[in-house]
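Residue numbers (my numbering): 2 to 178.
What follows is one structure encoded as structure tokens, with my remarks underneath.
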Ligand code: HEM
Ligand code: HEM
């Protein structure tokens, strides 16, 4: 049985703004860490930090919106475990969109470095706080493999619903009924 109720435009717009920019920043992160120290690496890290900090703002709005609206209604009738699994995956991804930029900021601030969004300084350089840097770095880097796994589950599940179950899950997230 299909759920014909369309998703709100806020859910759709925030999903794609945060989701696609998250994938972009994630890719930049994986690319930049392997570059040799130098101006090119520095440029990529600056871009990573700028977009990452902007994602935090959008992710906070999105998180607030999800709290207000509650979880998405399932697009079709599915076994209870699948519904629970989808909700768990959404919860982990929502938390990741907050935890990744926050831990990135913690790592940079703990390392005494400034945070600039495309040249606009939001946090100035300061003395180092080693425990904060360590905590931020542990969260930021150890989340990587888990997130790749969860992301594959998320996109794989969405494609399975769209193509095999034909319940319009992806169409619904694209604003088509
Ligand atoms: C190309 C990549 C992506 C596709 C095709 C995709 C597809 C979808 C679809 C179809 C839904 C609706 C599921 C339903 O109806 O039950 C959904 C929801 C959701 N997606 Fe994605 N997604 C992608 C990337 C991402 C990324 C990168 C994140 C987070 C880092 C993310 C986080 C979420 C969350 C949290 C929800 C629950 C609704 C919400 O709070 O917006 N998605 N996604
Ligand atoms: C949605 C936001 C973000 C995502 C998805 C993300 C993702 C990543 C990833 C995948 C890496 C590579 C980690 C590795 O392979 O070891 C990385 C590294 C890094 N990120 Fe982020 N990041 C985000 C936001 C931020 C922010 C806001 C900052 C700082 C303000 C930041 C600072 C850094 C730094 C400094 C590194 C390099 C760490 C090192 O040299 O080991 N990130 N990030």
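Heads up, the beta-carbon is just placed ideally off N, CA and C, and yes, glycines get one too.
Per DSSP, the bridge partner or partners of residue i
i: residue 122; result: 117
Backbone CA spacing between residue i and residue j [nearest angstrom]
i: residue 26; j: residue 58; result: 14 Å
i: residue 32; j: residue 148; result: 16 Å
i: residue 127; j: residue 78; result: 54 Å
i: residue 8; j: residue 103; result: 28 Å
i: residue 116; j: residue 55; result: 11 Å
i: residue 163; j: residue 62; result: 28 Å
i: residue 125; j: residue 114; result: 7 Å
i: residue 66; j: residue 86; result: 21 Å
i: residue 92; j: residue 17; result: 16 Å
i: residue 75; j: residue 15; result: 19 Å
i: residue 6; j: residue 178; result: 8 Å
i: residue 169; j: residue 143; result: 34 Å
i: residue 42; j: residue 119; result: 16 Å
i: residue 121; j: residue 47; result: 11 Å
i: residue 73; j: residue 30; result: 30 Å
i: residue 2; j: residue 145; result: Reliability fails at residue 2, whose pLDDT of 49 lies under 50, so the model's placement of it is uncertain and the value that follows must be treated cautiously. Near 36 Å, if we compare the C-alpha coordinates of residue 145 and residue 2.
Contact test: residue i Cβ vs ligand 1 heavy atom, cutoff 7 Å
i: residue 58; result: no
i: residue 20; result: yes
i: residue 76; result: yes
i: residue 156; result: yes
i: residue 150; result: no
i: residue 87; result: yes
i: residue 97; result: yes
i: residue 159; result: yes
beta-carbon residue i near ligand 2 non-hydrogen atom, thresh 7 Å
i: residue 111; result: no
i: residue 31; result: yes
i: residue 50; result: yes
i: residue 105; result: yes
i: residue 101; result: yes
i: residue 174; result: no
i: residue 26; result: yes
i: residue 142; result: yes
i: residue 23; result: yes
i: residue 46; result: yes
i: residue 54; result: yes
Cβ-Cβ separation, residue j to residue i (assumed contact under 8 Å), whole Å
i: residue 134; j: residue 108; result: 6 Å
i: residue 69; j: residue 105; result: With a Cβ gap of about 26 Å, residue 69 and residue 105 do not count as contacting.
i: residue 131; j: residue 111; result: 7 Å
i: residue 151; j: residue 99; result: Contact flag wrong, Cβ pair sits at about 15 Å.
Residue i CB to nearest heavy atom of ligand 4 below 7 Å
i: residue 39; result: By its list of ligands, the structure shown excludes ligand 4, since it contains just ligand 1 and ligand 2.
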